Each structure stands twice: as C-alpha cells, then as structure tokens.
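Colleague:
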Ligand SMILES: Cc1ncc(COP(=O)(O)O)c(C=O)c1O
C-alpha cells in the first residue's frame, strides 16, 4: 500500500511510538494523577515530560498550560467555545478554515450573537496582510487562522499575523493541524496566544491525541467538567491549568506515543522533513501537470505536501476508489471538511482528490502514483 493520506493521519508511525505505547500498556497503564502509588506516578511522569517537551518545542515557557485533548477538533472547540465572548464580538478568520474552526464559530454566532468574518485568502496569491488588517474592527476579540490549508497546502504567514495581533492587542489562535511537526512554530516569538494541534498528523503520534496550549493571560471557560484528580472537595472545576481543561482520565498510552513521535520528529529535524516533503510535492505537481485533463489546485511554490487535483469529467470518489482498489494507493476524495476552501478554489460541486505526503513517503512511490493517474486518464480518454 502506498499511503498518501498523511494530512488526515500520518502513517506509518515510528517504531518508537509503538514501543512507548506497548510499554505503557504492559507495564504501567495505571490512572495518572489519581493515585500516589508507583504505577500512577510513572504514568503521571510520562505525561509531565510530554508537557515539558511540547512547551519547549513550540517556544513556550509554561508547561502547565499545555493541555491534552483527544484530537485537534476538541482543542479548537475548547479554545473557541471556551473563549469569553459577548454578543456583538467579532472574530476574524479565513476562508480556508477547517470545519473544526468554522463550526464552533458558527455555533457561537447562533448561540452568542458573535460576528465572524472569513477573509478570502485567495487561490494561489500571497496572503494580503494589509487587506486582512482592514478587516479588523473595534469589536474584533479574536483572530483565528489555520497555519496551513488541509485542502491546498497554502501556508499563512502566522508570524506577520501575530505581529498584527500584538499591535492591535487581539488574542491570536492558530490551528496548526497541518503544520505542527512540519513547520517551525514559536509561540513566544510569533505572539500566539492559543495553539491547537493534533498528535496524530505531523507529530507522528497515535490517534486519540491532541493539544491545546493556552498562553499567559488567556482565561478559557472549560467545555467539559468532571474529575481532575485534584481539588476533589471543590464543587466547581479547579482554576489552575492544566486540570481546569482536562477532565477525566488522560490517554497515557497515547501521550507516551506522542512523546515518542515528537522525539522522532526532533531526531529527523524539521528542516529535513520539510525539505523531503517539498521535494516529493514538486515531483508530484510537475508529474500531474503534464497529464492532459488533470487540474492541480493550490499555490505553485511554497506550500505544504498537500496536493488536490481533479480529472475532467471523472468523479473524485471514483478516482480514489480506483487508486485504492486497483493500485493500492490510499488517498482522500470529496470535500475535505472545508466548504469555504472549496468555494475559494472553485471545487464545491465535485470536490477533489487529495494526495498528501509525509516523511516516510519516497520518490519511487510518488512516481508510481503519477503513473497510476496517467493510466486512469488513458483508460477514460485514451
Ligand atoms: C486544518 C485542520 N484543522 C483541524 C483538523 C482536525 O483535526 P483532528 O482530526 O485531529 O480533530 C484537521 C484535520 O484534518 C485539519 O486539517
């Protein structure tokens, strides 16, 4: 199987992830933070270490503000629904947002009367910071952007937006679902107040892991309430982080796996991962653009390893089924949880086939995929 659905979940995982998770399950899968016994302490210790490593990797000084969730969606829901909005508050976001940002915002639009502006980031052109700046109003209480599009691989300049947010005194939320573990992210230097990302994509951890890092000075209302293993006498959720936003038993095997994934990413190095994915993406785009009837979408140069395409007159689901069943190539087809993104690139009616690469994909695999798509086109039009 050639796996090119890395933007959904990375696969395969480093062997160290499997080892770390197996070790937890076989040796110390006790409840972390809920008991003073040795096994519970060992479970807590791997979780604390993961918090510290995450804080350091993302340029942030307070590991107690690193909160674990089950995926990026939950982290984003906590950040957005937990944000203390009032009626009439305005949120500036972009047209490439995933439904994990858009749906919580739309929910708050209905339930709290906030206003949301989806800035059109364009098909291929560079992000227009000055046009974005003009969308800020005196009521703007949050700027929320996806660092990289899961549809087109377009990268948004979060360092510039962070500067703008700082200048205007507006909290800045970054959805790093497609970039954590691929592009450098430094919360302090980039003025990021809330950083949400999954553990199971670029960080090479297992599914069931996600993280929300909450900047100093940001107060979120918890979206979940329950046992935190501390302050059990209190009727209300404790005030201190991370417990405030972490109700219920944490996913120790997953978090240990995530730590191993992060360690593998650090060992490979972001520069190496990025350069490898860039090279594969260039080969892929060049190959696809030579095939008649194939249309490739997204920026021509600096982009993530995410490549959407269509073949004239052929349903994208059908292409994905042929690639899967005939060629054993795993891709994703349809609308990629970003309806406005599809509107922006003009593929709302039929969706796209999305190929996404990761650190373990090879040039040979990419060439086989190009050949498979050539054969599919020949089969239909030849
Ligand atoms: C940009 C973006 N945001 C959020 C998410 C949601 O991530 P998760 O599946 O971990 O909830 C995804 C998943 O593909 C994504 O691409």
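Residue numbers (full-length UniProt numbering): 1 to 382. Glycine included, C-beta positions come from ideal geometry on N, C-alpha and C. It should be emphasised that the depicted structure is a prediction, and the values quoted were computed from it without experimental measurement.
Check each candidate in 2, 1, 321, 7 and name the one with the smallest Cα separation from residue 304.
Modeller: Out of 2, 1, 321, 7, 7 has the C-alpha closest to the C-alpha of residue 304.
Colleague: On a CA-only basis, which of 64, 37, 272, 75 is nearest residue 47? Give me that one, please.
Modeller: Here the closest residue by C-alpha is 64.
Colleague: Does DSSP put residue 291 in a helix, in a strand, or in coil?
Modeller: If DSSP states are grouped into helix, strand and coil, residue 291 belongs with coil.
Colleague: What separation, rounded to the nearest whole angstrom, lies between the Cα atoms of residue 285 and residue 66?
Modeller: Taking the straight line joining both Cα atoms gives about 37 angstroms.
Colleague: Which residue's Cα is closest to the Cα of residue 222: 332, 5, 68?
Modeller: Cα-wise, what sits closest to residue 222 is 68.
Colleague: By Cβ distance, which residues of its chain are closer than 7 angstroms to residue 112, with the 5 residues on each side in sequence left out?
Modeller: 85, 87.
Colleague: Output the distance between the C-alpha atoms of residue 302 and residue 182, rounded to the nearest integer angstrom.
Modeller: If I take the Cα positions, the gap works out to 13 angstroms.
Colleague: Going by DSSP, what residues sit across from residue 117 in a beta bridge?
Modeller: DSSP lists 92 as partners of residue 117.
Colleague: Between the beta-carbon of residue 394 and the beta-carbon of residue 96, is there less than 8 angstroms?
Modeller: Since the first residue shown for the chain is 1 and the last is 382, residue 394 is missing from the structure and cannot be characterised.
Colleague: Check whether the stretch 146–160 touches the stretch 225–242, counting contact only when three or more Cβ pairs, one atom from each stretch, lie closer than 8 angstroms.
Modeller: No, because fewer than three Cβ pairs between the stretch 146–160 and the stretch 225–242 fall closer than 8 angstroms, the two stretches do not touch.
Colleague: Jot down the residue ranges of each uninterrupted beta strand (DSSP E) in the stretch 108–165, minimum 3 residues, whole runs only, in chain order.
Modeller: If we require 3 residues or more, the beta strand (DSSP E) runs fully inside the stretch 108–165 come out as 115–119, 140–146.
Colleague: Check whether the stretch 372–382 touches the stretch 289–303, counting contact only when three or more Cβ pairs, one atom from each stretch, lie closer than 8 angstroms.
Modeller: Taking 8 angstroms as the limit for Cβ pairs, the verdict is that the stretch 289–303 does touch the stretch 372–382.
Colleague: Identify which residue in 334, 262, 270 has its Cα closest to the Cα of residue 204.
Modeller: The option with the nearest alpha carbon to residue 204 is 262.
Colleague: Taking the continuous beta strand (DSSP E) assigned at residue 238, which residues delimit it?
Modeller: Element bounds for residue 238: n/a, residue is neither H nor E.
Colleague: Considering residue 79, what are the terminal residues of the beta strand (DSSP E) in which it resides?
Modeller: Not the beta strand (DSSP E): residue 79 falls in the alpha helix (DSSP H), residues 72–81.
Colleague: How far does the alpha helix (DSSP H) with residue 51 in it reach, from first residue to last?
Modeller: Taken as a continuous stretch (DSSP letters only), the alpha helix (DSSP H) holding residue 51 covers 38–57.
Colleague: What do you reckon, are the CB atoms on residue 255 and residue 366 nearer than 8 angstroms?
Modeller: Result no, Cβ atoms of residue 255 and residue 366 do not sit closer than 8 angstroms.
Colleague: Exposed or buried, residue 226, counting other C-beta atoms within 10 Å across all chains shown (16 or more means buried)?
Modeller: Answer is exposed; the Cβ neighbour count stays below 16.
Colleague: Please indicate yes or no: does the CB of residue 72 lie closer than 7 angstroms to some heavy atom of ligand 3?
Modeller: The ligand content of the structure shown is limited to ligand 1, which means ligand 3 is not among them.
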